[in-house]
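Quick notes on the structure that follows.
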Amino acid sequence: MNVSPSIYFIVKAALVYGCAAFAFSMLGTVLPDALVLGNPLYHSTTTPEHIIGHIVWGLIPGLAFLSWRYIILAGLFPIILDADHLLQFLEIEMIPRMAHSLPFILIVIVVMMLLFGKKDLRLIAVSIAAVFCHMSFDTILNGSTEFPVLAPFTSQFFTFSGIDWIVFEVIAVAIIITASVIVKKNYSRYNFKQKFYSF
Numbered sequence: 001m002n003v004s005p006s007i008y009f010i011v012k013a014a015l016v017y018g019c020a021a022f023a024f025s026m027l028g029t030v031l032p033d034a035l036v037l038g039n040p041l042y043h044s045t046t047t048p049e050h051i052i053g054h055i056v057w058g059l060i061p062g063l064a065f066l067s068w069r070y071i072i073l074a075g076l077f078p079i080i081l082d083a084d085h086l087l088q089f090l091e092i093e094m095i096p097r098m099a100h101s102l103p104f105i106l107i108v109i110v111v112m113m114l115l116f117g118k119k120d121l122r123l124i125a126v127s128i129a130a131v132f133c134h135m136s137f138d139t140i141l142n143g144s145t146e147f148p149v150l151a152p153f154t155s156q157f158f159t160f161s162g163i164d165w166i167v168f169e170v171i172a173v174a175i176i177i178t179a180s181v182i183v184k185k186n187y188s189r190y191n192f193k194q195k196f197y198s199f
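FYI, the UniProt record's numbering numbers position 139 of the sequence shown as 139, with every residue one higher than the one before it.
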């Protein structure tokens, strides 16, 4: 069965990102202050609004890529970041939102570079921006929320509220625009049209 290279790329990148988020979240099962969160079907705030909101919130800055494959990933990655909810089904002690942290960003950069190459700057950018997009939407959705931004080095949660969501989204937009500009400069006019406007 022939599969479009772009579809294969999107599926592979999404699976890798999800596996990275899940594996990183498993570190939270051995950290101090871990607790049983319960089945996410009963003890989670996951709603259609939550899911759709994260996707849209990622798509907005992702439009700057001008490439369908990266725009789609920009929408998928923020919601995939909640892969830690899968651990809740096991009803084991864990630290929630482990992948909503700066150390995770560093880890996922390395993972993406190893599996997809160092030259795919847009994939690296969307991997980073997705974390900030996710944190931005969580903040605006709940009004006030907490993230273990330094996990696993500390299980301390930091509170964000008010206009913090704007700061997170601006960071995401800046990362994506910067990557897009750099990539554009690295290609000739012909290659730019081929790579940015083709699926």
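Each residue gets a CB set at the ideal place from its N, CA and C atoms; glycine is no exception.
Only a predicted model underlies this, so the values are computations on that prediction, with no experimental measurement involved.
Between E93 and G38, the C-beta gap is not smaller than 8 Å, which leaves the two residues out of contact. With a cutoff of 8 Å on beta-carbon distance, F160 and T145 are scored as near each other. Remark: C-beta atoms of L81 and A174 do not approach each other more closely than 8 Å. Y70 sits buried, since 16 or more C-beta atoms from the chains shown fall within 10 Å of its C-beta. L35 carries a strand assignment under DSSP once its states are collapsed to helix, strand and coil.
Under DSSP, M94 forms a beta bridge with L35.
The C-alpha of I10 is placed about 12 Å away from the C-alpha of S67.
Between the segment 117 to 129 and the segment 145 to 155, the count of C-beta pairs closer than 8 Å stays below three; the two stretches do not touch. At least 8 Å separates the beta-carbon of G53 from that of G75. Straight through space, the alpha carbons of L121 and P96 are spaced by roughly 29 Å. Excluding its 5 nearest sequence neighbours in each direction, A179 has C-beta neighbours in its own chain below 7 Å: L121, R122, A125, listed in chain order.
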